[in-house]
Amino acid sequence: MANEITMPSMGADMTEGTIVKWLKNEGDKVSKGDKLAEIETDKTVVEMEAYNEGFLRKITSSEGSVVKVGKIIGYIGEMDEEVPDDVQEDNSEPKAEIKNVEPEPEKTLAKDESNNDSSKSQSLDITLSSDSVQIKASPMAKRLAKEKNINLADINGTGPGGRITKDDVENHVPGPSLISSNQLGKSQNISLDSNDIPLNSMRQAIARVTVRSKTEIPHFQVTVEIDMTEAMKMRADINEDIEKNGIKVSVNDLILKATINSLLKYPKWNTSFDGDKLISHSSINLGIAIALEQGLIVPAILDAQNLDLISLASKSKDLGNRARGNGDPLSNQELTSGTFSTSNLGMFGTHSFTAIIVPPQSGIIALGEVKKEAKVVNDDIQIRQVMYATLSADHRVGDGAEGAVFMKEFKDLLEKPSRLLL
Amino acid sequence: MPQLVMREAIKKGLEEALQNDPNVLILGEDIGAYGGAYAVTDGFLDKFGPERIKDTPISEATFIGTGIGAASAGLRPIIELMSISFSLVGFDQIVNMAANIRYMSGGQIDVPMVIRAPTGAGVQLAATHSQSFETWLAEVPGLYCVCPSNPKDALGLLRTAIKDNNPVIFAEPALLYGTKGDVPEEYYEIPLGSASVVKKGNDITLVSYGAGMKVIEEVSTILDKKNISSEIIDLRSLSPIDYATIGESVKKTNKLLALDTSRRNGGIMAEVVADVQENFNDWLDSPIIRIGAKDVPWPYNKNLESNAYPDPNEIVDEINNKILNL
Amino acid sequence: MATLKQEKNKKTSKSSKISIEKREMLDIYKNMFLIRQFELACGENYTKGNIRGFLHLYIGQEATAVGSISNLEDEDYIVTHYRDHGHALARGLDVNRSMAELFGKSTGLSKGKGGSMHLFDAGKKFMGGHAIVGGQFPLATGLALACQYKKTGGIVVCYFGDGSTNQGTYHETLNLASVWNLPILFILENNKYGMGSSIDRVRAGGEDFYTGASTYDIPAAQVNGMDVLAVKEATKIAVEKVRQNGGPFYLECKTFRFVGHSLADGQKYRKTDEIKEWEKQDPLIRFPEWLLSAGIASQKDIEKINQEVNLIVKESVDFAESSSEPKNSEVYDDIYK
């Protein structure tokens, strides 16, 4: 018998997943580790791997279908292995029963004919319309358009016969026709690009996740102002030493270490609310929000509680690289097992902001930039490096005071940073 | 710089060769006592004698073949045909003997000879005397084929053709025998297989050869008035063809018009166009047009002949229709 | 004794004494036998598929080639038609390289690019082997012009068949050779058939050709082409005349091919009786018979030659078989100098 492919569990709380896209076709050869399909969970879109070798003998759940975790979605096996027929294991609306009824000959004939006619006329229509859509462009124009990433359909051809010429391509101004006037007092004629912007599956998943988070989790925020001067000095000192080994400790690495140490002291924030209990986790899998072109992901450094600052720096850098596609892809675990997260918009000059908790986590710390400010220190005004950090916390897990205490620890760790080296 | 008409330039090249190389001799109908049908060899019989300037009976196959035999035994004969149309009578000798014998003998036998012949239509000589078979002969491996359009090129190419150790077809546009042009005093040669850029331009490449160059010049003048700058190329050599020069021009102008004054069908410009289409496709900003004479036997009547011959205004119309908005 | 019929300026027939010398006679026999055996080997190898295309065998006509070429010097040119193996071997072209050429091998005279109808050896002034009937006439004219122009003293021998006398170039060439007084010995190998066309079906003017040379003011004669000594003597006289006068001469050799036009010929156009009749004059039977009966050579001499020749032919086939094919890249070689 061929091996079953089942909807994988990709997170503790995943109950079902949607098959976004099959990456192999029925009959394709499959090796262990090959990506079989894109599965969308509440949190993200993940590629599922094959655990068996052979051929993708049968797909029983099609793209778009929602399937409970553990249910069969296909079969992998050798060409000569048995594959069961008619498996209805998905959770889509039950298939209409297939009745074996002998169709009345005459009626079906007429039906077929009319179908053929309509399909014929349909195909005629298609041919006509495809002719009218054909774009006339010279070979050079085609080449230039390709090089400049311009869609030929956007260009008006001025050559003989309406041909798109080299000049037409070179003179083409792509993008929304936003016209701005330099002269004051003149009436303006601004038109925005009113075309719909399609959302990819990742963006749609983020939409669902954030709505869910905000709907289900009662968020409250606690903001602290952190004097980062000592931490920055220590960081510079450390880097002077370790740079020759090719590692650097970033500001964010300090933040990560402070977060881990704070969680170790206040492990309540490393749990997940579950109705009548808080689910504790045996490790701190620290999520780092990373903005990619396609959207936001929050992969986690697993077992971060075991890492010292240098190891943490190395791991966080590696995580970032891999998230951007340089190296091995992120594992399912990394993508879905975070227990607490941080999000840093400091590189954009953000003063402070509030982040949305990633379910089923209980909190997320949002960080702004480190900036020189005039501060009162020992009744003097000094120039200090200052950063603002905001905790978003799940009120079902802890109250405002608990959040404040947690953030005080976080602040203290960074203001007296030698403790981060422990 | 001294000026010669093309006939004189060719004569000068022949005279030079006869003077410098005792193995050179000229065979042809009425080239001696008559002085040559187009007066190219006028005076040669007196100057060089009947051993070297040989009037032949009217027997193209045999006197062309005689040239081949003489060449294969170490002489350097120059055959004059009274018209390239008459090459048909001796086509077997040109193609099957002159072109093939080196190959068939595995390289043992050389044929260092030149076959000169007036070519082209335009003076109401009718169907059998108005053709341009340099195109047909250019196809044959084993032959070289050139056709100058001006006195300077005629002399330069003739010198090279006579010195070359292969059979060379030297087509002389009959319409151009009397056209004048600069011819340098100092010695020069023009290699076979080289086209020349006669005029530089940016908007469109116009290529032709022989009598077609006059038509091209008129087209170019009309285009100038419309602010279109054309680059003019004289092909000069039909075998081998200098595709590289044409390609470089097309890379610049992105547009090409190719003109034959022979019949359009099977004209040598078909080869030029095919090559540019294949090897320079990415630089083409429009289709390439190929112009030639109408595919008809050449009529005697003046207007009919003139209408069959390529017309500059019609060519400009074609450019407007297919290449460039003028 | 051989007799020579002469036309033009000599109305009386004349018989001449032919000198006989054993070595020379045995050489003549050897050359003829070599051609015969070579041609038979070609036929065999054609049926085996080693030789392809067209194959025109000279079997029966050996006396003409051997008898005539024995009179030529090194500076003389030879031009012939597509039935050229006999002339090639009589001129002394390398037997191995000839067979290799027929096999299409790179060791052939033309590196495999010519084939049976295009045997060439520029060093021996053997200028082909030509496949277009009558195509060789103008070439011969040009070669003769060069001999005259350069005053080399050489002459050109142009072989042709009865069929080619209807081609335009035949008449043009005879005319031009006469007008320009070119040193060409025209040797007609009249074997009565142009491929499948007997002379009477395609020619106005009867069965004898030499008489027509007078139209072009060319002296002419006719000889029995099956009698090698007659051919030798006739050619000797003709060659002398051409060299002395510097003008053309026309020698008609009446001969016969015992085999078809080519290997593909079913010979429906002639009767076996006729063939058998001519076979009685087979020079490879008559000549050795005569040598023996005249006491010029012994049976042992003949057999020794036979063995030598058979070995030569066998070696040539071995050579051809073991030689390599030309490389594909060679297709572009030797087109231009």
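Chains as they are written, first to last, in our numbering: chain L, 3 to 424; chain U, 2 to 327; chain Y, 34 to 370. Don't be surprised by glycine CBs; every beta carbon is placed ideally from N, CA and C.
{"Item": "With burial defined as no fewer than 16 other Cβ atoms inside 10 Å of the residue's Cβ, what is the status of THR129 of chain U: buried or exposed?", "Value": "exposed"}
{"Item": "From GLU205 of chain Y to ILE229 of chain U, what distance separates their C-alpha atoms?", "Value": "56 Å"}
{"Item": "Among Y:GLU95, Y:GLU310, Y:GLY86, Y:GLU72, whose alpha-carbon lies nearest the alpha-carbon of CYS286 of chain Y?", "Value": "Y:GLU95"}
{"Item": "How many angstroms separate the CA atom of VAL169 of chain U from the CA atom of TYR365 of chain Y?", "Value": "19 Å"}
{"Item": "Just curious, the beta strand (DSSP E) that GLN223 of chain L is in, first and last residue?", "Value": "221 to 229"}
{"Item": "Counting pairs of beta carbons, one from the segment 113 to 125 of chain U and one from the segment 203 to 217 of chain U, are three or more of them closer than 8 Å?", "Value": "yes"}
{"Item": "In chain order, what residues of the same chain have a beta carbon less than 6 Å from the beta carbon of PHE87 of chain Y, not counting five sequence neighbours either side?", "Value": "SER295"}
{"Item": "Might you give, ordered along the chain, the residues of its own chain that have their beta carbon closer than 7 Å to the beta carbon of ILE281 of chain L, omitting 5 neighbours on each side?", "Value": "THR273, SER274"}
{"Item": "CA-CA distance, GLY44 of chain U and LEU59 of chain Y?", "Value": "58 Å"}
{"Item": "Could you tell me whether any Cβ in chain Y is nearer than 8 Å to the Cβ of GLY143 of chain U?", "Value": "yes"}
{"Item": "Less than 8 Å between CB atoms is the rule here; does PRO58 of chain U satisfy it with respect to chain Y?", "Value": "yes"}
{"Item": "Measure from the C-beta of SER287 of chain U to each C-beta in chain L and report whether the shortest distance is under 8 Å.", "Value": "yes"}
{"Item": "Can you give me the C-alpha to C-alpha distance between LEU193 of chain U and ILE85 of chain U, rounded to a whole angstrom?", "Value": "20 Å"}
{"Item": "Applying a beta-carbon distance threshold of less than 9 Å, which residues of chain Y neighbour GLY194 of chain U?", "Value": "Ordered by position in chain Y, no residue passes the 9 Å Cβ test against GLY194 of chain U, which lies about 11 Å from the chain."}
{"Item": "Does DSSP put TYR244 of chain U in a helix, in a strand, or in coil?", "Value": "helix"}
{"Item": "Using the beta-carbon of each residue, which ones in chain Y are nearer than 8 Å to ILE95 of chain U?", "Value": "Within 8 Å Cβ-Cβ: nothing; ILE95 of chain U doesn't reach chain Y, min ~11 Å."}
{"Item": "What is the DSSP secondary structure of TRP24 of chain L, reduced to helix, strand or coil?", "Value": "strand"}
{"Item": "Does any C-beta atom of chain U lie closer than 8 Å to the C-beta of GLY168 of chain Y?", "Value": "yes"}
{"Item": "Does DSSP put GLN136 of chain L in a helix, a strand or coil?", "Value": "coil"}
{"Item": "On the DSSP bridge assignment, give the partners of LYS181 of chain U in chain order.", "Value": "U:VAL6"}
{"Item": "At the 8 Å Cβ level, is LYS144 of chain Y part of the contact set with chain U, yes or no?", "Value": "yes"}
{"Item": "On the criterion of 16 or more Cβ atoms from any shown chain inside 10 Å, does ARG69 of chain Y qualify as buried, or is it exposed?", "Value": "buried"}
{"Item": "Against chain Y, does ALA18 of chain U count as a neighbour if the rule is that its beta carbon must be under 8 Å from one of theirs?", "Value": "no"}
{"Item": "Compute the distance between the beta-carbons of ILE331 of chain U and ILE233 of chain U, then report whether it is under 8 Å.", "Value": "Residue 331 of chain U lies beyond the range of chain U shown here (2 to 327); nothing can be said about it."}
{"Item": "Helix, strand or coil, according to DSSP, for GLY19 of chain L in the structure here?", "Value": "strand"}
{"Item": "With DSSP run on the structure shown, which of helix, strand or coil describes GLY68 of chain U?", "Value": "helix"}
{"Item": "One question on the structure: do ALA263 of chain Y and TYR283 of chain Y come within less than 8 Å of each other, judged by their Cβ atoms?", "Value": "no"}
{"Item": "Throw me the rounded Cβ distance for the LEU298 of chain L and ILE157 of chain L pair, which I believe falls under 8 Å.", "Value": "Not a contact, Cβ separation roughly 35 Å."}
{"Item": "Please determine, among U:VAL115, U:ASN314, U:MET270, the residue with the shortest C-alpha to C-alpha distance to THR136 of chain U.", "Value": "U:MET270"}
{"Item": "What does ASP283 of chain U touch in chain L if you count any residue whose Cβ is under 8 Å from its own?", "Value": "PRO141, MET142, ARG145"}
{"Item": "Quick check: VAL147 of chain U and SER287 of chain U, are their CB atoms within less than 8 Å of each other?", "Value": "no"}
{"Item": "Taking the continuous beta strand (DSSP E) assigned at GLY280 of chain Y, which residues delimit it?", "Value": "Run containing GLY280 of chain Y: none; DSSP gives neither H nor E here."}
{"Item": "Below 7 Å between beta carbons is the criterion; list the residues of the segment 213 to 240 of chain L that meet it against any residue of chain U, in chain order.", "Value": "none"}
{"Item": "Does any residue of chain U bring its CB to less than 8 Å from the CB of GLU358 of chain Y?", "Value": "no"}
{"Item": "Out of curiosity, what's the CA-to-CA distance linking ASN304 of chain U and TYR310 of chain U?", "Value": "10 Å"}
{"Item": "8 Å is my cut-off, CB to CB: does ASP367 of chain Y come that close to chain U?", "Value": "yes"}
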